[in-house]
Each structure stands twice: as C-alpha cells, then as structure tokens.
Amino acid sequence: MPAPLFESSFLQDTLQASVTSPRSITLSNGVQMSLLQKGVLKISPPAEAKQAKHIVISSAIHGNETAPIEMVDDLASQIATESIVPLHHLLLIIAHPKAILAEERFVETNLNRLFGDAEYPQSQELALAISLKEQVTHFWQDVPMANRWHLDMHCSIRASKHYTFAISPQSAYPTRQKEFIDFMQKAGIEAVLLSEEPSSTFSWFSSSKFGAQAATLELGQVAKFGHNDMNKLAQFSKAFLELVQSVESSTAGDMITYQVDSSIYRENMDFEFYFDKALPNFSRFSEGEELGKDGDKVLTMPVEQGGVVFPNPNVELKQRAALIVKPCATRYVDNQLTVID
C-alpha cells in the first residue's frame, strides 16, 4: 500500500504547507497522483485511452469562492481513496491559498485579470498567474487540441437570476464544440454568455492560446466554507463526476444563451452605479436607461432589455466594472455553437 500523498487532504495541505515538494504516488488501481506544487495536483488514469481528455479543473482563482474549492478537494479525496477511477488526465488547481486563508477575493490584485498579454505590475497574484500558465502549458504539451478542456470554477459576488451560468471566452479556435456545450447542459448550467472580446481571464488564456474547450463557470454565490447550499449544485456535481469517469447518464437541460454586447471599464476614481448594490446579475434595463457615472460620463444601457452582469464599482482603474449582455439565438455550424445574427 503506497504512503498517502496528503497529510490531511489536498485543501488542508495546500493551506498549511509553507513549502510543497513535488511528489507522486501510484494507487493500487493504477491511478497516478502527482503533487506538482502547492495547490496543483496532476492525476493520470490507469490506462491511456486514445480519446482521453486532459482536463484542467481550477478553483480559488478568487479565495473566497468556496463551493468550487470544496468540489476540487472532494474530487481529489475520492480519487485518493479509490472511490472513483478517473479515465481522463486531470490537473486540479486550488490557486490562491493566501486569499483563501484571508477569506478575500485576492491579496493585492485580481488574479483573474492577469492571464492576458499585457505587462502587469509585480504582485503576489502575478507570480501565481505565471506559475499557473506554466503548469497548464506543460500539461497540454503534445495533447490534441480537441482533448484540451478547462473548467474554471467560481462563485458570483452577488445573487443572480441564473443560479449557475458560464462565460465562454473569445477565441480564434472552435472552442464551443457540441460535446462541451452538452456537458454544461447536463451539469445544470442555466445560461451561457458568449463573448467575442479578448480578455485576461484564466479560461480566456486556455481557449485563446491552446484552443481548449474552456469556460468560466459561476456556481452559486460566495459563501464561507461549510455554508454553501450544495443541494443547489447537485446536478453539476453529478455531471462533473460523470465527466471525470467517462460515465454518461445525466440528461441535458435547457440553457439560455446570451451574447456579450459590451463591457464597462472603470476610467475614473469618481465611479458609481445608480442601481441597488444587491441587484441580481442579469437584471434588465431599457435602452438609454442610466446605469451610473464614470467621472463626467453618464453610463447608459446601450441595447434594449440588456442585462448587467458582474457589476462592481470597486474594481481597480482600467479594469472591467460590468458586462452588458443580451439574449441571442444560436445554432450549431460545423459542430460549433454559433450566434444567429
């Protein structure tokens, strides 16, 4: 019997260890688990299948979004105890232990704004972003593009009219393949936002640089550990575990599609939204209705019945303060989900 990989659990070891030495074990069922660095765990299936995916499953890009962290930790524990056998290669990530311990989104700056092509000021988060990009690059080396998947799991700061939703980032590659969209539908993702604007998020990095089937998955609302209503995420958890094991039993549900019309970026210190701070994501406004102000500029809704998603007046200057979305019709063209103009 191999010595256990964790002293306590993937999560607790990530939070407690000051330095993590890379180490690996092979379980009695042939699964190999390799701790690459603090918070990064590679899992290899017992046998190599031709169509085996290489799936990045990331959490804690923001430290206070705990439901995904619990899911990743639980998945690592189930694999380590041989309760489940993964049939795909997995890269499990608990990204930001310092932010988790502080119960904050970040320590110095928003980690999920550091995966773009720009040069960023030095910060703890920048060091994490560079390290994560290196790990993902190595994980997907020589892997066919179609077999690269990335589920970047988050929770929303505020309530949403859709309890679960996804953001499909811009990419020059066909990253909205039917199999990936079907997974999200089976997982109970209620809505997907289709973005055609370059970004700096972790999922955008994966889709734009590697052609991965990638999405930012918003799973409920921020809560402290132990206070997440996991019953509301039961369908996602079921489909998530089925994906890892290549089991298909979940039934696809309906999923509303939105097109990202535009983004609001904060340009001035004098910035505010006029609507209630507790206004749920996807709340709609009439075209021309005032949303707030940015210095001397009045912010208005640019489209009829447009929705506001991720409004945050407290972001740093030059960062995105909100998304403007509108419902759209879609169809599959060459197996790729495509907006119908």
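Position one of the sequence shown corresponds to residue 1 (full-length UniProt numbering), numbered consecutively onward.
C-beta: ideal position from N, C-alpha, C; glycine also.
Keep in mind the model is a prediction, meaning the values are calculated, not measured.
A distance of 7 Å or more separates the beta carbons of Glu267 and Glu287. Beta bridge pairing from DSSP links Gln213 with Trp149. The residue from Phe271, Met33, Asn281 with its alpha-carbon nearest to that of Leu219 is Asn281.
Look at Asp229 here: in three-state DSSP terms it is coil, with no helix or strand label.
Taken through DSSP and simplified to helix, strand or coil, Glu197 comes out as coil. Burial of Ser203 is indicated by the presence of at least 16 other C-beta atoms within 10 angstroms of its C-beta. Shown here, Gln170 sits in coil according to DSSP, grouped into three states, outside any helix or strand. With fewer than 16 other Cβ atoms inside 10 Å of its own Cβ, His138 counts as exposed. With a cutoff of 7 Å on beta-carbon distance, Ser262 and Pro327 are scored as not near each other. Taking a cut-off of 8 Å on C-beta distances, the region 177–184 does not touch the region 74–93, as fewer than three cross pairs fall below it. When the Cα atoms are used, Ser9 and Ala47 turn out to be separated by approximately 25 Å. For Gln259, the secondary structure class from DSSP, reduced to helix, strand or coil, is strand.
The count of Cβ pairs closer than 8 Å, one atom from the region 134–153 and one from the region 56–69, reaches three, so the stretches are in contact.
Here the region 305–323 makes contact with the region 264–278; the two share three or more CB pairs at distances below 8 Å. When the beta-carbon positions are compared, Gln170 and Glu134 stay at least 7 Å from each other.
Contact annotation: Gly188 and Gln221 have beta-carbon atoms that are not nearer than 7 Å.
Under the DSSP assignment, Val72 falls in the alpha helix (DSSP H) whose first and last residues are 66–80. Annotated as proximal: Ile167 and Leu193, with beta-carbon spacing under 7 Å.
With respect to Pro22, Leu36 sits close: the two C-beta atoms are nearer than 7 Å. When DSSP reads this structure, Ile93 sits in a beta bridge with Val40, Ser58. Among the bridge pairs identified by DSSP, Leu337 is matched with Tyr332. By alpha-carbon distance to Ala252, the top candidate from Gln245, Asp182, Lys53 is Asp182. Each residue's CA atom was taken as its position, placing Leu291 and Ala118 some 29 Å apart. Here DSSP, grouped into helix, strand and coil, assigns Asn281 to strand.
The bridge partners DSSP lists for Met184 come to none. In terms of CA proximity to Leu111, His62 leads the group Thr66, His62, Ala223, Val298. Within the DSSP bridge table, the entry for Glu290 names Thr300 as partners. Annotation: Met71 to Met255 spans about 22 Å, alpha carbon to alpha carbon. Rounded to whole angstroms, Lys42 and Lys224 show a C-alpha spacing of 27 Å. In the DSSP assignment, Leu87 falls outside any alpha helix (DSSP H), carrying neither H nor E.
Closest in C-alpha terms to Val339, from the list Asp294, Glu108, Gln259, comes Gln259. In the DSSP assignment, Ala322 forms a beta bridge with Ile264. Residue pairing by DSSP places Phe236 in no beta bridge whatsoever. According to the DSSP assignment, Thr26 belongs to the beta strand (DSSP E) that extends over 23–26. The secondary-structure analysis by DSSP pairs Gly307 across a beta bridge with Arg284, Val325.
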